[in-house]
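Sequential numbering from 49 applies to the sequence shown in the numbering used here.
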Amino acid sequence: MDHYDTGAWILYRKNQIDADQRRLMEDHLATCDTCLQSYLAAAEEHETRLAEMLLPPDFSAAIKDGIKAKKRQADKKRRSRSLVNYTVAAAITLALMSSGLFDFFAREIPGLLAETGQVSRTLEKGARWDPGRFLDSARNQLEKLREVRGE
Ligand SMILES: [Zn+2]
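Next comes the structure, spelled out in structure tokens:
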């Protein structure tokens, strides 16, 4: 059985084959898998070229612009999310203030900072990092805090 090659099928798709020959090719195509493959390959080639002619020349540039616009939208979403985080932080601060905890820290932190400064100065004098002594002094400070709170 004679097969038609891809070139013949391209001519067929371009309507450049006379009617008698077309009918022969169609009959053959109905029964031949090999030519069906050639026909599909020809179709692909033909359609790709057709698509290239139909698509605007700035098609890929337009797609890239579209992607950039999507990215900008995502950035906006991220910004509003950090605004949400800020709002949550503000709400937590308000809750702490109303429960009096914030007041307590505001009163005690300056004193704590002064004591911490003393601790670091002592450490500098000692010239050697002594984690045991540091932990002891931290424990002392915690105990002082508990006394202040009356526990
Ligand atoms: Zn064939």
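All C-beta atoms, glycine included, are put in the ideal place defined by N, C-alpha and C.
This structure is a prediction, so every number in the text was calculated from the model and none was measured.
Contact check, residue i vs residue j under 8 Å by CB: the rounded distance?
i, j, result
"residue 57", "residue 90", "4 Å"
Taking 6 Å as the limit between beta carbons, can you name the residues of its chain near residue i, skipping five residues before and five after?
i, result
"residue 51", "82, 83"
"residue 20", "Since the first and last residues shown for the chain are 49 and 199, residue 20 lies out of range."
When burial is assigned at 16 or more other CB atoms within 10 Å of the CB, is residue i buried or exposed?
i, result
"residue 101", "exposed"
Quick one, are the C-beta atoms of residue i and residue j less than 7 Å apart?
i, j, result
"residue 87", "residue 72", "no"
Which same chain residues end up closer than 8 Å to residue i when comparing Cβ atoms and leaving out the 5 residues on each side of it in sequence?
i, result
"residue 70", "60"
If you pair each beta-carbon of the region 90-110 with each one of the region 60-80, do three or more pairs fall below 8 Å? yes
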